[in-house]
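In my numbering, the protein residues as written are 332 to 527.
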């Protein structure tokens, strides 16, 4: 017999909105209530959104060539070059050295927050938001303050709200493009305003 290991106080204090809703929803579903799931961010979980055939073929080709060992932690060179090329076509200065490939935005956020945040720092993130914008800064002793997205204007970024919330404690400003959960895609001008 063993005693279960308790989660750290730090982990227990972290709030994660999706899980706060999902657990009670599962219990209600077990009781026979119909639950409409609007919480999962996996597009392939829904019928009609299939993996593109060119991605399947590339995956098969990599497996057939036995190219299945560990790659560089920052991503393989052909992929980084392709991403840089796509960004250049959008008008951004970008080289292969500017690209760091992750397994998704959640991993990217965790790496960035771990690398830059100290206790007492502030992160400005869009509201409504993707739950890790709140949860990960908490892990590092930082806090998240939401900046407004205008629901009456396609969820555009409210630059004036950001400016009003900027102070010495702000260490990071989050912009995910397209925004999760609203789907807004900022224009190049909006992004320029955002970073200026």
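Glycine included, C-beta positions come from ideal geometry on N, C-alpha and C. None of the values given here were measured: they were computed from a predicted structure.
Pairing residue 368 with residue 448 gives a Cβ-Cβ distance that is not under 7 Å. The continuous alpha helix (DSSP H) containing residue 409 extends over residues 408-420. Approximately 7 Å separates the beta-carbon atoms of residue 469 and residue 344; this is inside 8 Å, confirming the contact.
Closest option to residue 477, judged by alpha-carbon separation, among 362, 506, 428, 423: 506. By the neighbour-count criterion, in which 16 or more other beta carbons inside 10 Å mark a residue as buried, residue 423 falls on the exposed side. Its Cα nearest to that of residue 445, the residue 466 stands out among 466, 419, 430.
Rounded to the nearest whole angstrom, the CA to CA distance from residue 451 to residue 407 is 36 Å. Your pair residue 513 and residue 459 checks out as a contact, with CB atoms roughly 7 Å apart and the cut at 8 Å.
Its chain contains 489, 492 as the residues whose beta carbon lies nearer than 6 Å to that of residue 479, once the 5 sequence neighbours on both sides are disregarded; these appear in chain order. The beta carbon of residue 410 sits closer than 7 Å to the beta carbons of 432 from its chain, once the five residues preceding and following it are set aside; these are given in chain order.
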